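The sequence shown runs 149 to 276 under our numbering.
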Amino acid sequence: MKSINISTVLQIVALIFLIIIGYMTFNSSENWKVITSELEKANKELKISKDTLAITKDLLKNSRIEFKQMKAQKDLLIHQRDSILFAFKKKNAKDWNELQNIKDSIQQTNNQLTKDRVLLEGLFGLNQ
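In structure tokens:
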């Protein structure tokens, strides 16, 4: 049998390693292209989501402002109604005790309105 030179064997081994490294590099560059394209798609979707979120945030802000306005109008109507009712009761009150009861009723109504306002603000997150 012919003796094979060690340098030839080492060259063959080095060539096999180069082929393996070249294949892995080519294969990983294809994967890199796929990963890059997927990242670009994800980036575009993220930008669209950010735009949608910004629009939704603006709409929510406008809705909150409208809600506060409607709530203020409702509170005004309630106070006007209570004022008219208590003014009528005050006119028609017969004695001091009845006037005191009306005063207590006004205080209770105001306390209840304050509690309702705090509850509504907590429910709708307006106290932030």
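Note that the Cβ used here is the ideal one computed from N, Cα and C, for glycine as well.
In this text the structure is predicted, and so the values were computed from the model without any measurement.
Between the alpha carbons of I167 and L158, how many angstroms are there, rounded? Taking the sequence shown and counting its residues from 1, one reaches residue 167 at position 19. Taking the sequence shown and counting its residues from 1, one reaches residue 158 at position 10. Here the C-alpha atom of I167 lies approximately 14 Å from the C-alpha atom of L158.
In this structure, does DSSP put K251 in helix, strand or coil? Counted from its first residue, the sequence shown places residue 251 at position 103. Note: K251 maps to helix in three-state DSSP.
With a CB to CB cut of under 8 Å and the five nearest residues on each side skipped, what residues in its chain are close to L208? For the purposes of this step, residue 208 is identified with residue 60 of the sequence shown, where counting begins at 1. The beta carbon of L208 sits closer than 8 Å to none of the beta carbons in its chain outside the five residues before and after it.
Nearest-angstrom Cα distance between K239 and F215? For this step, residue 239 is matched to residue 91 along the sequence shown. For this step, residue 215 is matched to residue 67 along the sequence shown. Whole-angstrom Cα-Cα distance: 36 Å.
Helix, strand or coil, according to DSSP, for D264 in the structure here? Against the sequence shown, residue 264 aligns to sequence position 116. Reduced to three states, the DSSP call for D264 is helix.
With H, G and I counted as helix, E and B as strand and the rest as coil, what does DSSP make of K189? Position 41 of the sequence shown, counted from the start, is the residue given in the question as residue 189. Three-state result, K189: helix.
When we look at the beta-carbon of Q228 and count the other beta-carbons within 10 Å, is it buried (16 or more) or exposed? Counted from its first residue, the sequence shown places residue 228 at position 80. When all chains shown are included, Q228 counts as exposed.
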